[in-house]
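Notes for the one structure printed next.
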Ligand code: ATP
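Numbering (my numbering), first residue to last: 1 to 228.
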């Protein structure tokens, strides 16, 4: 936050996530591992996958997102709720220092709009989220997740809260901390790259997000029962 990458509201969102991390034992649940495989299959089968990055994701898992981008050849687009040119450039140069190539969504290049969102988050890059068929949205708010999904894009969320609108709007919700989930997604993508397209298609068609979210909640209850 002192560098200007994360805003105070971002810290509050982070705190909400940490509260959920406690009640899943700060470990990756089996349901999250299943969602991660489905997410990797979605990303590998996509024509235009894009990784949407906000301040929190850059700060918590900047290097991890750069590694994922290189593994699946998907561009990174900066998309901020509290958007300023300075913050966009700060985040882009931070990611570039970590090894990112071109970073999309900066300044005037974010000339497309997602319908149905009032905030400056509606601005997207026509070379990135604008033309994307699959978008990874770690640590995202529900308005944007729902609007992207209404726009016909397949959404992969990483969100510690299985009850959030984001988790419910996504095609695949990985309920896990971004610091664990993004490296796991990179690992799964690397492994699945060797698989046939028919196997990837099966992973996608067999995945039911609502059922997986219900499974996540049951796993959280089991964990809490252990403490009770
Ligand atoms: P929604 O609008 O989707 O119902 P929200 O209002 O809580 O939920 P935001 O304010 O943008 O949405 O909060 C960001 C989301 O990111 C929260 O659901 C929070 O649980 C999640 N989150 C916070 N920190 C992390 C993290 N480290 N890893 C994964 N998810 C996180």
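Just so it is clear, CB atoms sit at the ideal spot from N, CA and C, and this is done for glycine as well. Model, not experiment: these values are computed from the prediction.
Establish whether the CB of residue 113 and some CB of chain B are separated by less than 7 Å. Of the chains in the structure shown, none is chain B; there is only one protein chain.
Just list the residues that DSSP pairs residue 76 with in beta bridges. 51 and 103
Can the beta-carbon of residue 71 be found less than 7 Å from the beta-carbon of residue 176? no
Can you grab the Cα-Cα spacing for the pair residue 225 / residue 146, in whole Å? 33 Å
Distance, residue 84 Cα to residue 94 Cα: 15 Å
Does the structure place the stretch 199 to 207 close enough to the stretch 182 to 190 that three or more beta carbon pairs sit under 8 Å? no
What's the call for residue 153, buried or exposed, on a 16-neighbour Cβ count within 10 Å? buried
Minimum C-alpha distance to residue 46 - residue among 104, 218 and 128: 128
Can you name the residues that DSSP bridges to residue 228? None; residue 228 has no bridge partner.
Return the residue from the list 223, 185, 194 and 178 that minimises the CA-CA distance to residue 60. 178
Element boundaries [alpha helix (DSSP H), containing residue 34]: 30 to 45
Report all residues from its chain with a CB closer than 7 Å to the CB of residue 74; omit the five preceding and five following residues, and keep chain order. 43, 49, 50 and 51
Please work out which residues of its chain come closer than 6 Å, Cβ to Cβ, to residue 69, disregarding the five sequence neighbours upstream and downstream, and give them in chain order. 51 and 76
Which class does residue 194 belong to by DSSP, given the choice of helix, strand or coil? coil
Where does the unbroken beta strand (DSSP E) through residue 137 begin, and where does it stop? 134 to 138
CA-CA distance, residue 11 and residue 18? 10 Å
Closer than 5 Å to ligand 1: residues, by C-beta to nearest heavy atom, in chain order: 13, 14, 16, 17, 139, 141, 142, 159, 160, 161, 164, 165, 166, 177 and 178
If we ignore side chains and look at the alpha-carbon of each, how far apart do residue 151 and residue 25 end up? 35 Å
Flag this pair as yes or no: are the beta carbons of residue 213 and residue 138 separated by less than 7 Å? no
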